[in-house]
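> So the number in the working numbering is just where the residue sits in the sequence shown, counting from 1, plus 1387.
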Amino acid sequence: MPEPETRAGSGRQDGITAAPGGLLDVLRVAALVLGSDGRIALWSPEAESLLGFTAAEALGEDAGALLVAPENQTRARELFRNVRTGARWAGVFPVRHKDGSTRRVEFRTMQLRDADGDIFALGLGTDAETVRNVERDLALSHILVSQSPVGIAVFDPDLRWLRVNPSLERLNGVPEAAVLGRRVGEVLPALDVDAIESRMRYVLRTGEPLLDQQTVGHTEADTEEHAFSESYHRIEDPNGRVLGLAISVLDVSERERAAAEVAQARERLAVIADAGVRIGTTLDLRRTARELVDVAVPQLADLAAVDALDAVVNPGGSAAPRADGSLDFWALALKASHPTDAIEETADPVGQPALYSPSRMVTQCVREARPLLRAHVDDTVLRRIARDDAAAETLRSAGVHSYLAVPLMARGEVLGTLSLCRTVNPRPFDDQDVTLAAELAARAAISIDNARLYGRERDIALTLQRSLLSQAPPHHGGMEVASRYRPAISEVGGDWFDVLPLDDGKIGLVVGDVMGKGVHAAAIMGQLRTATRALARLDLPPAELLYHLDGLTASLGDSDTLATCLYVVCDPRRGRCELSRAGHLPPVLVGPHGKAELLDIAAGVPLGVGGVPFTVGEHELAEGALLALFTDGLVESHEMSVDAGLHNVMRVLDDTRLPLEQTCDLLLAALTPEPDDDVALLLARRANGRRQG
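1. Could you tell me whether the segment 1552-1562 touches the segment 1579-1589, where touching means 3 or more Cβ pairs closer than 8 Å?
2. On the DSSP letters alone, give me the boundaries of the beta strand (DSSP E) that Phe-1716 sits inside.
3. What residue range is occupied by the uninterrupted alpha helix (DSSP H) comprising Ser-1436?
4. Is Val-1682 near Ile-1666, with beta carbons less than 8 Å apart?
5. Give the DSSP-derived three-state secondary structure of Gly-1422 in the structure shown.
6. Using the C-alpha atoms, what's the distance from Leu-1591 back to Ser-1397?
7. Got a sec, what are the start and stop residues for the beta strand (DSSP E) Asp-1514 sits in?
8. With a 10 Å radius around its C-beta and 16 neighbouring C-beta atoms as the bar for buried, classify Asp-1836 as buried or exposed.
9. Pick from Val-1977, Gln-1534, Glu-1826, Leu-2069: whose alpha carbon is nearest that of Arg-2044?
10. Of the choices Arg-1628, Asp-1609, Arg-1621, Ile-1634, whose alpha-carbon is the least far from that of Gln-1601?
11. Between which two residues does the beta strand (DSSP E) holding Arg-1960 run?
12. Any idea what DSSP makes of Gln-1751, helix, strand or coil?
13. Are the Cβ atoms of Glu-1965 and Pro-1929 separated by less than 8 Å?
14. How about Asp-1697 and Phe-1716: are their beta carbons less than 8 Å apart?
15. By DSSP, does Leu-1939 sit in helix, in strand, or in coil?
16. Looking only at C-alpha atoms, which of Leu-1454, Ala-1652, Pro-1794, Gly-1487 sits nearest to Phe-1480?
17. What are the residues that DSSP puts in a beta bridge with His-1863?
18. Only counting runs of 3 or more residues, tell me where the beta strand (DSSP E) segments fall wholly within the segment 1963-2028, in order along the chain.
19. Near Asp-1711, what residues of its chain come up, given a Cβ to Cβ distance below 7 Å and the 5 sequence neighbours on each side ignored?
20. Span of the beta strand (DSSP E) holding Gly-1803?
21. Give every residue of the same chain whose Cβ lies closer than 8 Å to the Cβ of Thr-1917, excluding the five residues on either side of it in the sequence, and list them in chain order.
22. Figure out for me which residue from Leu-1437, Gln-1498, Ala-1445, Arg-1464 has the closest Cα to the Cα of Ser-1488.
23. Please classify Gly-2032: is it buried, with 16 or more other beta-carbons within 10 angstroms of its beta-carbon, or exposed?
24. Could you give the first and the last residue of the continuous alpha helix (DSSP H) run that contains Gly-1572?
25. Out of Glu-1678, Gly-1738, Thr-1727, which one is the CA nearest neighbour of Arg-1701?
26. For Glu-2023, is the classification buried or exposed, using 16 other Cβ atoms within 10 angstroms of its Cβ as the cut-off for buried?
27. Express the C-alpha separation of Glu-1448 and Asp-1514 in angstroms, rounding to a whole number.
28. Could you tell me which residues DSSP pairs with Leu-1454 in its beta bridges?
29. Tell whether a beta-carbon distance below 8 Å holds between Leu-1632 and Met-1587.
30. Kindly indicate the opening and closing residues of the beta strand (DSSP E) around Leu-1630.
31. Thinking C-beta only, is Cys-1952 closer than 8 Å to Val-2039?
32. Taking only runs that begin and end inside the segment 1468-1541, name each unbroken beta strand (DSSP E) of 3 or more residues, in chain order.
33. Alpha helix (DSSP H) containing Gln-2049: first to last residue?
34. Can you tell which of Gln-1534, Leu-1994, Ala-1832 has its C-alpha closest to the C-alpha of Val-1699?
35. From the DSSP output, which residues share a beta bridge with Met-1796?
36. Return the chain-ordered list of same chain residues with a C-beta closer than 8 Å to the C-beta of Leu-1823, the five sequence neighbours on each side being excluded.
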């Protein structure tokens, strides 16, 4: 940046300053000379400005008569005599103005002699109030500079020190005498000298102040890094001549640290709020672990890993340490804030069991059930973090410098650990990070424990559900059957199907759905299935069978127990079928020519409502005709309405000539890749006459 241009006449030539200063212009010092007779011999223009008399009016006049009030003339003559005898006098004397008012003038008087030896009296005077104002300003400036807690420096236009106040001496660690006449870089090379001098030149050139400019570095006062706030102002005299610039300096390290702490606190609150939304969205243990590392990286750490005890992942596993103190774990999730091989090469494979030695930090964290903070990692700690020496070297090369492990605890039980490392983030983990990590781990641990408990309940319900479902053979007299049951991803419900041999070669087909989830719904389903089998042996018409089931349902579980059911009685010998439904979806009939249609029969009300009669529909069942019975999980999801699902079922079944087993798989694959609800599917096809028997 070029040096600032000063105003015309401000340069130096042969050591003589061509441009005058501005202080005398402010004071406007008047000069007058009195002869030995007390008459005015000389009268300056400033005297005219100060007292109003022109030179023509003043010269030759008796000064006492013209300028002094009668009551002050005795004192004036006394002072005049003293000056004529060689004494000096300085002070304030009231002088009469041309307009009749009195002006207080501060004088400096002295004796003068000319070549002939004649004696004159010289008086230099200026307005006393102006002098007092200048004195106050100077005193105030001195106090502000010398006693200010703000460091203040004054530089000349060549960027060399002219003045340093005591506060800046302490900040710099250098006395004023050692900096005068020198530039910033010569005294404080550890600061960003280029930036500082660039700002100085800009202010000198433009006159625009620069406020609160940040500089980070250290001075001779100590070697610790400090943050400084600097403000730059150009200094001009009353005539606008550039004299230099002033810089005020504050050490704002504490303020910056406090601001950083506030920012970190806000970040931590944001992480906690984020965790409340993102952790535990499902009852899936592994997904919860992934959500935990997604929140932790990069907000809290650069590398994160979640390990769970074997007993948490594997119901048959053990949470107790082995004889040598090692523990069985499963690595559930890993994440890095940036591409790196460190986490893959040093961590155990996700989804695989691993044995952690008793010296590992993770093992100690579980054993002691408390956070382990290693703010600064050395080789010994790296070896305890990693699984072997090679992995420790990889972590060292990746720049791991700080480590934190917190236990995943829920309901007083340790489930595993959250391990965190910092590589890119230069700040070591501290107690605040421990608190935040523990909060995240606690949230995740509750979700993991809920997922574990839910998983156990789901396994029980699924086992019960499957034990109660029909294991029908593929052929029943003149009917070929195939079935599928697929539990929901989230929670097992009460869907069921059954194939019942009846008298006279008839076959009963049942599909039902108990409203509710879990073991309770599976148990109700089992009771309804048993009751249906018992009632079917009585050879009851479909509507009458549903009537008895309706009464039984009201007595099962609680008063809110409801279920839907579709009951079809097929008579392959006569080629007819009768059916009735209790709030259930209608079946799809595919005729021998391959055209699929929904059978139009009254829907009825769910079992357990009571008081509403059920109706019966009768349809032809030609040779080769196919009946499809299913629960709503096949045709309804968050992304698909029931009507759209039914349309898709008929689309898949249209012109289907595949074996029933393949048709079942085709329906499930096409319609429910990840069902939101349980799916029960039952297909029955009337065999051709030549295949019967």
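Don't be surprised by glycine CBs; every beta carbon is placed ideally from N, CA and C.
Every value quoted in this text rests on a predicted model; they were computed, and no experiment measured them.
Considering the structure as presented:
1. no
2. 1714-1723
3. 1432-1438
4. yes
5. coil
6. At Ser-1397, the pLDDT of 43 sits below 50, so the modelled position is not reliable; the number obtained from the coordinates is stated separately. Computed Cα separation, rounded: 14 Å.
7. 1506-1514
8. buried
9. Val-1977
10. Ile-1634
11. Unbroken run through Arg-1960: none, as it is neither H nor E.
12. helix
13. yes
14. yes
15. helix
16. Leu-1454
17. Met-1866
18. 1963-1969, 1975-1977, 1983-1985, 2004-2007, 2013-2017
19. Pro-1745
20. 1800-1809
21. none
22. Leu-1437
23. buried
24. 1571-1574
25. In the sequence as displayed, the identity of residue 1701 is Asn instead of Arg. Nearest C-alpha to Asn-1701: Gly-1738.
26. buried
27. 22 Å
28. Partner(s): none; Leu-1454 has no beta bridge.
29. yes
30. 1629-1638
31. no
32. 1476-1483, 1489-1500, 1506-1514
33. 2047-2058
34. Ala-1832
35. Val-1801
36. Arg-1655, Val-1658, Ile-1659, Leu-1687
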